[in-house]
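Everything on this sheet refers to the single structure shown next.
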Amino acid sequence: MQNHYLSIDIGGTEIKSAQIDHSGNIIKCHQVATPHERGAFLGELGQIIGANRGVRAICVSVPGIVNPRTGMVQFTGALGFMGDFSLSSYFRQLTGLPVYVGNDANCATLAEMWLGNLVGIQNGAVITLGTSVGGGLVINGQLLTGPHFRAGELSAIVNNHDHTDLHEATVGASTSAVKMVAAVATACGLPDKRDGRRAFVEINRHQPPAWPIFTAFCRRVAVLIVNIQAVVDLERILIGGGISAQPVVVTEIRRQFALLQKGDRRLNDDIAMPDISAAKFGNEANLLGALYGLLLQVNGEE
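Numbering (our numbering), first residue to last: 7 to 308.
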């Protein structure tokens, strides 16, 4: 296993781990439910390490604000109970191995830069649609993290200035794919409000009540892309997250972008439509991207 790396993708629901070789081939995978108590959480990470002895290095994808140079994480969302914690120090103490820690959306972007649909793209982005909205930006061929390690936090963009609840006025609240699926399920009387596959059966029929809910969601994504383009003018924007596996998602986002440009001369004259495509990687994106972050760090490029 000396030629293998251990990659760990820590999520609010599951922790995925995989041994991966230098070329990005996944050798074996494992997943377990994420504990939501500090001792149990760290204990689970320790068990993952114990089950993968002999690897060359550890690479980790995690939600939150991450300093990739130090491995210090400001945990957010479902993992907020961890507060500020140095994952790099924790894993180094356990293993004595090199460690890389990166933000989950940035890791997804790194995967696309390495082996996916951002290869050769100098200016691009990944927008991950899920419970909230994640983002990663590539500028001049480099992942943009920013001086405060918060670049690409698309969910924090305010897109409804008149909303009385500031949280509900953000992209993260208004453009949640999980909320969209739940709204379709409720409108169509589906038993499981989290069953995206069943919701998309209704969406793909292009009939009410599912279709108008879905197109309104895609319009909000298109507005987000317009806003990004107004600032950084990208070549390609990839749509990630579980729903990106549905071809209708990218197709409708493109259509909504074109409708926005058609509806206002300034949007047509001042904003260039990027190539909007689906991300290549699904559940493996964060695992692969964390490894690429490690390789860049080892090579002195990060």
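We treat Cβ as the ideally placed atom computed from N, Cα and C, and that holds for glycine.
Using the rule of at least 16 other Cβ atoms within 10 Å of the residue's Cβ for burial, across every protein chain shown, is residue i buried or exposed?
i: K22; result: buried
i: E307; result: Low confidence applies to E307: its pLDDT is 47, below 50, so where it sits in the model is not reliable, and the reading given next is rough at best. Classification of E307: exposed, given that the 10 Å Cβ count is below 16.
i: Q235; result: buried
i: F97; result: buried
i: P214; result: exposed
i: Q25; result: buried
i: F87; result: exposed
i: E43; result: exposed
For residue i versus residue j, is the C-beta spacing smaller than 8 Å?
i: G299; j: P74; result: yes
i: A291; j: G248; result: no
i: K199; j: A183; result: no
i: A296; j: C113; result: yes
i: D201; j: A191; result: yes
i: V61; j: V72; result: no
i: A228; j: F263; result: yes
i: L124; j: V144; result: yes
i: A131; j: G141; result: yes
i: L244; j: A285; result: yes
i: G83; j: L93; result: no
i: G158; j: L85; result: no
i: N58; j: L12; result: yes
For the beta strand (DSSP E) containing residue i, list its first residue and its last residue.
i: Q148; result: Q148 to L150
i: E20; result: E20 to D27
i: I33; result: I32 to A39
i: D15; result: H10 to I16
i: A284; result: D281 to A284
i: G246; result: R242 to G246
Could you tell me the alpha carbon to alpha carbon distance between residue i and residue j, rounded to whole angstroms?
i: H173; j: I163; result: 10 Å
i: V38; j: M119; result: 28 Å
i: G45; j: N289; result: 26 Å
i: R271; j: V68; result: 41 Å
i: A179; j: D168; result: 15 Å
i: I48; j: H28; result: The question names Ile, but residue 48 in the sequence shown is Leu. So the alpha carbons of these two residues sit roughly 27 Å apart.
i: P153; j: F223; result: 32 Å
i: N166; j: L230; result: 12 Å
i: N210; j: V255; result: 10 Å
i: I16; j: D275; result: 42 Å
What first and last residue would you give for the alpha helix (DSSP H) that runs through residue i?
i: A291; result: A291 to V304
i: E258; result: P253 to G269
i: F47; result: R44 to G56
Ordered list of beta strand (DSSP E) runs contained in the region 69-149, each at least 3 residues: Whole beta strand (DSSP E) segments, 3+ residues: 71-73, 78-80, 90-92, 105-109, 130-135 and 139-145.
In chain order, each beta strand (DSSP E) run of at least 3 residues that lies wholly inside the region 161-238: List check, beta strand (DSSP E) in window: nothing returned.
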